[in-house]
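Residue numbers (our numbering): 164 to 458.
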DNA sequence: GTTTGATGTCGAC
DNA sequence: TCGACCTCAAACG
């Protein structure tokens with residue numbers, strides 16, 4: 164579930180918890196137990212994101228950075244008192260701890276953390292709440308050199324001000340692979356996933372099957388700019404909404420309307436041109452597009 | 001009760 | 001190109 168906007172939102176959430184953090188760390192599931200013992204109670208100096216990668220920098224002698232990649236179904240769950248950040252669940256659409264009820268989670272005063280699910284890889288316990296990580300594809304303690312190795316494999320992140328969209332334009336222009344594959348390639352541009360791919364290619368009118376070398380520089384710049392716009396909105400709102408208000412049909416013809424132009428909208432009529440949205444396979448992932456609007 | 005799928009990535013053929 | 005993997009709610013019987 165998580166595309167880059169979710170990971171940046173997580174970094175903001177950790178920043179909102181405080182700036183002198185020394186969370187207790189544990190691994191109820193056990194697979195991160197040895198590393199959790201190393202960072203337990205240590206100063207969590209900063210949390211930041213690049214694409215879909217989350218980094219928790221610890222102020223420890225030597226290099227200690229927790230690197231987390233949620234993969235397809237990892238998630239972070241935040242639960243605590245009113246003094247903690249709002250309860251949230253970032254990642255795979257699940258309702259962990261739902262049975263506890265929000266009132267129990269939010270009571271002020273004495274704080275009893277909920278029993279972790281047995282699959283929680285890493286629990287960070289703060290004075291007023293907990294952050295539980297479940298199901299990540301990667302959760303590892305690494306050093307600065309390994310961080311550099313990861314960043315070297317990643318293209319520019321549209322959500323980072325220190326990234327340059329021209330790097331994306333250059334990489335795309337020099338490839339014969341379809342632009343739909345390039346937008347999903349994290350070494351070309353870091354952060355977009357299947358939804359932003361489908362939606363931004365629709366919004367810029369580009370066919371996902373067009374080879375990168377045959378997409379004009381202007382259209383590639385427009386595409387990168389649109390990734391910036393829509394993903395920034397995703398960070399703010401906590402969910403992906405890419406459809407413009409003017410394109411939301413009123414009255415709504417179906418409950419799925421009002422969020423996406425093409426993602427998961429195969430067989431339905433395009434709100435712009437009326438063509439039937441198609442779903443097809445591209446390199447093993449479902450691809451959605453409008454044959455009438457994208458060329 | 002069992003199967004399926006999901007906003008992802010890697011490595012072996 | 002294919003399967004494996006990290007997890008669990010929804011869909012299917």
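Glycine included, C-beta positions come from ideal geometry on N, C-alpha and C.
Every value quoted in this text rests on a predicted model; they were computed, and no experiment measured them.
In its chain, beyond the 5 residues on either side, 164, 236, 237, 238, 298 have a beta carbon closer than 7 Å to the beta carbon of residue 255. Residue 253 has 239 as its beta-bridge partners, per DSSP. When only Cα atoms are considered, residue 357 and residue 391 end up about 16 Å apart. With fewer than three CB-CB distances shorter than 8 Å, the region 329-339 does not count as touching the region 298-309. DSSP, read as helix, strand or coil, puts residue 221 in strand. Here the region 221-231 makes no contact with the region 353-367; the two share fewer than three CB pairs at distances below 8 Å. Judged by their CB atoms, residue 350 and residue 328 are not nearer to each other than the 7 Å cut-off.
Counted as a single uninterrupted DSSP element, the stretch harbouring residue 293 is not any alpha helix (DSSP H) but the beta strand (DSSP E) occupying residues 292-297. DSSP places residue 444 in the uninterrupted beta strand (DSSP E) bounded by 441-445. If you ignore the 5 residues before and after residue 276, its C-beta comes within less than 7 Å of the C-beta of 288, 293, all in its own chain and listed in chain order.
Just measuring C-alpha positions, the residue of 312, 307, 406, 399 sitting nearest residue 175 is 399. Between residue 171 and residue 322, the CB-CB gap stays under 7 Å.
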